[in-house]
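Counting from 1, one number per residue, gives the positions in the sequence shown under full-length UniProt numbering.
Beta carbons are placed, not taken as given, at the ideal position from N, Cα and C, and that holds for glycine.
Note that this is a predicted model, so its numbers are computed, not measured.
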Amino acid sequence: MVRRFNGKSSMDNTNGNSFIARLKRYSILGWFRAIRLKCSGKKVVVTGSCNLCGRCCRRVSLEAGGRWLRSEAEFNRLLTIYPEYRRFSLTGRDSQGFLLFTCSWYDEPSGVCRDHENRLEICRSYPDIDLYFTGGEIHGGCGYQFSEVVPFEKILKRELDTQHGSRRKKKSTGD
Ligand code: SF4
Ligand code: SF4
């Protein structure tokens, strides 16, 4: 399974949704958020739209095996499994020491992907909701945001329960 996180992406999260896999991937803040959502009955959704700023193509973080890449050797190992990632060139590190890449498919003048139709799966799914739990961030200036919302089904159920309760009350009082 291929996933895209921070400025982008990750690959190779086989069993990516198992409890153990999540335990390994989530950051401390991510666990705090997950518990808060569980307690409040909310879920996280992605809202907004792409404004074609290109930041997520120019400042890319990659993850493999549940860990953000820190060394070129890790990246080279990744290329043997995912040769399509050769489009990413190492540009430096972020403040936490994780590798940063830029994508050679990004066309600076037009601000769009050179082959948008065939962009990687990790690009299609950006920003992946897992990012909210793994310690990554949506780029500043990105048109997407994460929002914690009460699911529609819950609002509907609450409304129906309220109406049902009112009807029962009316019946019992004979109004
Ligand atoms: S493949 Fe296209 S969409 Fe994906 S990072 Fe590269 S330029 Fe951006
Ligand atoms: S708005 Fe967000 S998704 Fe669109 S190009 Fe910018 S960083 Fe990427």
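Looking at the unbroken alpha helix (DSSP H) that takes in residue i, where does it start and where does it end?
i      : result
Leu131 : 131-134
Gly30  : 28-40
Asn76  : 72-81
Gln163 : 152-173
Arg124 : 121-124
Leu56  : A small fix is needed here, since residue 56 is Cys in this sequence, not Leu. Start and end: 55-58.
In the DSSP assignment, what residue or residues form a beta bridge with residue i?
i      : result
Phe146 : Val46
Asp107 : Val112
Leu52  : DSSP, once it has assigned bridges, lists no residue as partnering Leu52.
Roughly how many angstroms lie between the CA atoms of residue i and residue j, to the nearest whole one?
i      : j      : result
Gly41  : Arg114 : 41 Å
Thr134 : Ala34  : 11 Å
Leu99  : Trp105 : 19 Å
Arg168 : Leu160 : 12 Å
Glu153 : Leu78  : 41 Å
Glu117 : Ser166 : 53 Å
Gly111 : Gln163 : 52 Å
Could you spell out the range, first to last residue, of the beta strand (DSSP E) harbouring residue i?
i     : result
Phe88 : 88-93
As a quick exercise: from the options, pick the residue whose alpha carbon is nearest that of residue i.
i           : options                      : result
residue 191 : Phe152, Glu137, Arg87        : The structure shown does not extend to residue 191, since the chain is modelled only from 1 to 175, so the question has no answer here.
Glu63       : Cys39, Ser110, Arg167, Tyr85 : Tyr85
Thr60       : Ser27, Asn118, Leu131        : Correcting the residue type first, residue 60 is Val in the shown sequence and not Thr. When each option's Cα is compared against that of Val60, the closest is Leu131.
Arg93       : Pro83, Trp68, Leu156, Pro151 : Trp68
Ser71       : Lys38, Asp107, Leu90         : Leu90
Leu120      : Tyr144, Phe88, Gly48, Glu108 : Phe88
With burial defined as no fewer than 16 other Cβ atoms inside 10 Å of the residue's Cβ, what is the status of residue i: buried or exposed?
i      : result
Thr102 : buried
Asp128 : buried
Gly54  : buried
Comparing the C-beta of residue i with each C-beta of chain B, is any distance below 7 Å?
i      : result
Leu156 : Absent from the structure is chain B; it holds one protein chain and no more.
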